[in-house]
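Presented below is the structure to which this report refers.
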Amino acid sequence: MSNVFIFDHPLMQHKVTLLRDKDTVQKEFRELVEELSMLMAYEVTRDLPLKEVDIVTPIGPTRQKKLAEQKIALVPILRAGLGMVSGMQSIIPQARVGHIGLYRDHETMEPVEYYCKLPDDIAESEVILLDPMLATGGSGVAAINFLKARGAKKIKWVCIIASEEGVRVLHDAHPDVAIFCAAVDPILNEDCYIVPGLGDAGDRLFGTK
Ligand code: PRP
Ligand code: URA
């Protein structure tokens with residue numbers, strides 16, 4: 069599948085294993101999500117445009133490269149995507165942050181939107197959509213639909229664990245959106261949780277269960 073990037077860096081694989089472990093406590097879980105997001109930011113921003121600038125070092129003048137004026141928006145899907153913001157921001161401090169609130173209705177498994185606040189210049193921004201989990205793909209497809217309806221044109225999806233089904237569903241619905249993830253798991257259980265996955269990312273991040 070084109071446009072799908074699965075990270076295989078040993079540090080990421082190690083951290084994802086720690087994240088999956090049911091004995092990993094809330095503080096450690098939150099720190100791991102932050103660290104993984106920081107590591108992912110490095111690859112996700114690989115194609116950012118550069119411009120040439122003239123500067124002077126203590127030794128003399130030189131022409132070097134700096135990031136061009138590409139606007140970047142980080143958009144976490146509430147709640148669990150919030151855990152990925154600070155790690156990304158530490159590498160991309162100039163990024164603006166928008167929020168989309170979605171939850172999966174536990175009866176129908178359909179995504180329900182309850183909040184959306186995006187930067188004014190979302191149409192001109194490269195949007196990095198953040199959610200640690202891509203399960204059925206319903207929330208991801210809905211979030212990208214909302215973003216496109218509000219003018220976003222260049223969108224990247226960044227998650228930590230995806231299911232094979234979620235990757236397929238997201239890619240089929242939005243083939244223009246590059247998908248980045250640290251692991252792809254084979255199946256979903258009857259409650260649409262990723263197997264083996266890591267459980268409920270929001271609950272583990274915020275200690276709500
Ligand atoms: C989780 C997760 C994703 C969604 C993935 O959120 O953070 O947003 O499920 O599932 P899907 O691919 O099947 O749509 P959840 O709905 O549990 O909300 P929460 O973050 O508030 O816990
Ligand atoms: N949301 C989660 O937090 N975990 C899953 O496995 C699926 C959806």
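At the far end of the sequence shown sits residue 277, using my numbering, and the numbering has no gaps. All C-beta atoms, glycine included, are put in the ideal place defined by N, C-alpha and C.
Cβ-heavy atom distance, T176 to the ligand PRP, below 7 Å: No, the beta carbon of T176 sits no closer than 7 Å to any heavy atom of the ligand PRP.
Proximity below 8 Å, CB of I159 to CB of M106: Less than 8 Å separates the beta-carbon of I159 from that of M106.
heavy atom of the ligand PRP below 7 Å from S158 C-beta: Relative to the ligand PRP, S158 has its C-beta separated by 7 Å or more from all heavy atoms.
Beta-carbon proximity of V209 to L238, cut-off 8 Å: It is a contact, given that the beta carbons lie within the stated cut-off.
Cβ shell of I74 (< 7 Å), same chain only, five flanking positions each side left out: The residues are C249, V252.
P170 beta carbon near the ligand PRP (any heavy atom closer than 7 Å): Strictly speaking, residue 170 in this sequence is Leu, with Pro absent from that position. L170 Cβ: within cutoff of the ligand PRP.
Same chain, Cβ closer than 6 Å to A230, five either side skipped, listed in chain order: L202, C249, V252.
Per DSSP, cross-strand counterpart(s) of C260: Under the DSSP definition of a beta bridge, C260 lacks any partner.
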